[in-house]
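Notes for the one structure printed next.
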Amino acid sequence: MSQKTSSPNLIGKILSQFSASHSTAVNKLIHYITIPLVSFSVLALAWATPFPFLSFLGRYNGFINWASILIGFAVYYYYRVSPLLSYGILLMIFAFSGLIVSLEKFHSQGGGPEMHIIPLLILLPALLAQVAGHRTEKAIPSASSSMRSLKDGPLWLMNVFFRRIGIIN
1 MSQKTSSPNL IGKILSQFSA SHSTAVNKLI HYITIPLVSF SVLALAWATP
51 FPFLSFLGRY NGFINWASIL IGFAVYYYYR VSPLLSYGIL LMIFAFSGLI
101 VSLEKFHSQG GGPEMHIIPL LILLPALLAQ VAGHRTEKAI PSASSSMRSL
151 KDGPLWLMNV FFRRIGIIN
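Okay, so the sequence shown: first residue is 1 according to full-length UniProt numbering, each after it adds one.
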């Protein structure tokens with residue numbers, strides 16, 4: 001018995017719901033810019049949040065943090081919804097992780113502010129820009145739909161990107 005990993009109806013529903021509340025050119029442009037910024041910021045904040053020492057992890061303790069747990073859940077969710085889009089999102093996560101590690105190294109060498117400050121300085125204006133973008137729509141999304149867009153925004157953006165470069169028709 002084979003278990004299906006993706007439902008065309010689910011990805012179609014997610015993308016159509018997201019597109020319905022992001023229909024104006026201004027709002028789309030704002031979200032093209034802010035979705036990666038918000039995604040990076042959330043990952044960086046999870047990375048910067050102290051993780052407890054777990055003795056059973058032994059020498060691997062430094063490799064597990066809140067961001068690795070967030071990445072695990074995100075990749076699982078995105079893969080279940082759309083394997084193809086999840087690969088693009090995974091590459092985006094790798095790029096974000098590399099940037100976060102570079103910021104950590106810069107901070108540890110005495111440069112720059114605390115690790116949680118930079119993502120907050122990116123996250124807050126990006127969220128405010130998204131709110132401004134939503135005001136250009138006929139119907140402003142509810143708070144629960146805005147929270148859902150945090151997880152579904154990367155799927156929508158990757159779908160747009162893959163369509164533009166011809167991976168998806």
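Ideal Cβ placement from N, Cα and C applies to all residues, glycine included.
In this structure, the beta-carbon distance from L43 to F96 falls below 7 Å.
For the set I167, A139 and L120, the Cα lying nearest the Cα of V38 is the one of L120.
In the three-state reduction of the DSSP assignment, T49 falls in the coil class.
Only residues of its own chain outside the window of five on either side were considered, and among them T34, L37 and V38 have a CB closer than 6 Å to the CB of A126, listed in chain order. Assigned with DSSP and collapsed to three states, R80 falls in helix.
Proximity to I69 across A48, V26, F161 and S23 peaks at A48, based on C-alpha coordinates.
Around the beta carbon of H22, 16 or more other beta carbons sit within 10 angstroms, so the residue counts as buried.
In the assembly as shown, A74 is a buried residue. Its beta-carbon has 16 or more other beta-carbons within 10 Å.
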